[in-house]
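Undergrad:
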Amino acid sequence: MARTTTLGKHQSTKFVFICVALLGFALIADLLWASSSSSSAYLYGVSSSNWPLQESHNFIPPHLHNTTATKGNKDTLPQRVVLSATFADLPAPELEWEEMAAAPVPRLDGAALQIKDLLFVFAGYGTIDYVHSHVDIYNFTDNTWGGRFDMPKEMAHSHLGMATDGRYIYVVTGQYGPQCRGPTARTFVLDTETKKWQDMPNLPVPRCVP
Numbered sequence: 011m012a013r014t015t016t017l018g019k020h021q022s023t024k025f026v027f028i029c030v031a032l033l034g035f036a037l038i039a040d041l042l043w044a045s046s047s048s049s050s051a052y053l054y055g056v057s058s059s060n061w062p063l064q065e066s067h068n069f070i071p072p073h074l075h076n077t078t079a080t081k082g083n084k085d086t087l088p089q090r091v092v093l094s095a096t097f098a099d100l101p102a103p104e105l106e107w108e109e110m111a112a113a114p115v116p117r118l119d120g121a122a123l124q125i126k127d128l129l130f131v132f133a134g135y136g137t138i139d140y141v142h143s144h145v146d147i148y149n150f151t152d153n154t155w156g157g158r159f160d161m162p163k164e165m166a167h168s169h170l171g172m173a174t175d176g177r178y179i180y181v182v183t184g185q186y187g188p189q190c191r192g193p194t195a196r197t198f199v200l201d202t203e204t205k206k207w208q209d210m211p212n213l214p215v216p217r218c219v220p
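Those letters in the sequence shown? Residues 11 to 220, by my numbering.
(1) Report the three-state DSSP secondary structure of residue 128 (helix, strand or coil).
(2) Can you round the beta-carbon distance between residue 165 and residue 196 to whole angstroms, since I take them to be within the 8 angstroms contact cut?
(3) Among 37, 205, 210 and 220, whose alpha-carbon lies nearest the alpha-carbon of residue 128?
(4) Helix, strand or coil: how does DSSP classify residue 173 here?
(5) For residue 138, report the span of its beta strand (DSSP E) as first-last.
(6) Report buried or exposed for residue 184, applying the criterion of at least 16 other Cβ atoms within 10 angstroms of its Cβ.
(7) For residue 179, count the other beta carbons within 10 Å of its own beta carbon; 16 or more makes it buried, fewer makes it exposed. Which is it?
(8) Look at residue 145 and residue 158 and say whether their C-beta atoms are less than 8 angstroms apart.
(9) For residue 174 and residue 123, I'd like the C-alpha separation in whole angstroms.
(10) Measuring only the C-alpha atoms, how far is residue 203 from residue 131?
(11) Leaving out five residues on either side along the sequence, give the residues of the same chain with a beta carbon under 7 angstroms from the beta carbon of residue 121.
(12) Under the DSSP definition of a beta bridge, which residues are partnered with residue 207?
(13) Look at the Cβ atom of residue 9, then the Cβ atom of residue 187, and state whether they are nearer than 8 angstroms.
(14) On the premise that residue 207 lies in contact with residue 162, defined as a C-beta separation below 8 angstroms, what is that separation, rounded to the nearest angstrom?
(15) Take the Cβ of residue 117 as the centre, count every other Cβ of all protein chains shown within 10 Å, and call the residue buried at 16 or more, exposed below.
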């Protein structure tokens, strides 16, 4: 009986020893693999800097460079930084800025949609304690603002969700009132030709920035 118990303990100890040895071997192999990968990557980076560059695959930005110190000299020598051609500048049309007429009021976190040559600008913060509750219209043709009209009193004042079909503007929920108050579930639709508002069904839950 005692012999059987001793044999069982010996086998258990042997099994644990084998498991620990295998785990140690795996950790050492992983460490060697990681260090060899790092070395290979470093050698690749060093050697690739001496390879001839192909303009169709590589791009060298003129304002970027690495520096390495020479032996016995604190000065540094520039090295080329090679980037994938993905980062190269792509041909694009030249864009020019043109100043528009100043808006009637300053706005923060309002909303705007363009329909034809008119830009409808809604609500927004004037200050943290004051929110706008009207719509201003900008005319791209003559560079003027005009046609101001009020929003519904129950409509949100900032962070509005908006969409248009070319005539109607659909206003979905948003943040109601000043000082970053909570959202509302109210929704409205504006007929831009008649400047008339209509209620739409409320959303199931209030939303901010839908």
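We put the CB at the ideal spot given by N, CA and C, even for glycine.
Since we're looking at a predicted model, the values are computed, not measured.
TA: The answer reads as follows:
(1) strand
(2) 6 angstroms
(3) 205
(4) strand
(5) Looking at the DSSP string, residue 138 is not in any beta strand (DSSP E), and its letter there is neither H nor E.
(6) buried
(7) buried
(8) yes
(9) 8 angstroms
(10) 15 angstroms
(11) 132, 133, 170 and 172
(12) 200
(13) For residue 9 there is no data in the structure shown, the boundaries of the chain being 11 and 220.
(14) 5 angstroms
(15) buried
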